[in-house]
Amino acid sequence: MNKHSKSFNQIRWISLVWIIALFQIGCTGVESARQNPVYFDLNHFYISMDSASFDAFREHPEILTNYFHADSGMPEFQPVTDSTGIIYLRGESVYMELMGPENRFGVAQGVTGIGFSEDTQLPLDPQWKEKVDSLFQETGVEFGNNSYMINGETISWFDTAYIPDTTTTIYTWYSRYNPEFLSAITGDTYSEYTRENYLKLARKGEKNVQDITGLSLELNTDDYDRITLELEQIGALPEKYDGNRDGSRYKVGQVLFDLYKENRSRLTEARFRLAEASDCNYRAGTISLRCDGYRLAMRFGDV
């Protein structure tokens, strides 16, 4: 080997070392990014159904009896009855609101809302709005507050931030809950508000559905761009997506969001984790439920 060949091999070896080093740095950067905390978790979501589907779901002899922790709402979490206008389906960390067309919030048929939250400790963080403004600097947000009358006293339940949009049928918002609210409705002392310690108040007895694991949404161009940007602003990163439709997948906490580009926006599916394997197959109007082992998929037809 002549000296020129030796020099060339040395240069090639040094170049290879640098390539490997740069690759490792890049991988470390991706891994660090994936370990960044998501600032909010999925708290709850709702969908407003047509009257026939809502009534069929509410009156089904097996769905609520065997599968879901269901109630008529806070603060008493009373059982579902024939007069219930909103059915609350409670998981361990996330809950769902199935609304009839005459719901007390006036939510129109076919509209969906998705609420995210962060766990909160006392004292409440006075810089929360500044932090949220910083997270959503690309879109901007507006702020609100939701209070509740408990034993004759108005108690703040949560502060919320949202991107105002009057044209969508898929609403999103981001909240910080008040631990003192839990103390007010239970009589016990809470220094922290978590999704789990709130939902424990409503989950009575044994039911097969344990928690919500995923949502699928079809979104028009404006909603797709808005919601993907919001998810990225709160720290969610795209997951590997192998679907044959034009879309993407994001993971927020333990919940997977499958987002598909379509001409209109709607919630098409909610997925749940079961405690015991099942092969259920139910239909309630435009709502269908199918079990596959330890998974249950609730699909929504045209509303």
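Each residue of the sequence shown is one higher than the last, beginning at -19 in the numbering used here. A virtual CB, placed ideally from N, CA and C, is assigned to each residue, including glycine.
When the Cα atoms are used, serine 155 and asparagine 261 turn out to be separated by approximately 35 Å. For tyrosine 151, the closest C-alpha among the options Phe34, Arg246, Leu276 and Arg253 is that of Arg246. Assigned with DSSP and collapsed to three states, glutamate 82 falls in coil, not helix or strand. Assignment of beta-bridge partners to proline 218 by DSSP yields Tyr230.
In terms of Cβ geometry, leucine 254 and leucine 239 do not form a close pair [threshold 8 Å]. Selection Trp153, Tyr157 and Ala164 evaluated against tryptophan 137 yields Tyr157 as nearest (Cα-Cα). Taking the C-beta atoms as reference points, phenylalanine 252 is found nearer than 8 Å to threonine 193.
Rounded to the nearest whole angstrom, the CA to CA distance from threonine 61 to arginine 279 is 23 Å.
Scanning Glu110, Tyr75 and Thr100 for the CA closest to the CA of glycine 93 turns up Tyr75. Ranked by Cα distance from threonine 208, the options Lys220, Leu195 and Ser228 are led by Ser228. Nearest to glycine 124 by C-alpha distance, out of Arg70, Ser31, Gln101 and Ile143, is Ile143.
A direct Cα-to-Cα measurement between alanine 50 and arginine 38 gives close to 10 Å.
Of the other Cβ atoms in all chains shown, 16 or more fall within 10 Å of the Cβ of glutamate 77; this residue is therefore buried. Between methionine 29 and methionine 79, the gap from beta carbon to beta carbon is short of 8 Å. The shortest C-alpha to C-alpha distance from lysine 241 to any of Asp35, Thr149, Phe116 and Arg225 is the one to Arg225. Sequence-distant Cβ neighbours of valine 235 in its own chain, meaning closer than 8 Å and more than five residues away, are Asp21, Leu22, Val74, Ile192, Thr193, Gly194 and Leu195. Comparing C-alpha distances from tyrosine 47 to each of Ile214, Gln213, Leu197 and Lys187 shows the shortest one belongs to Lys187.
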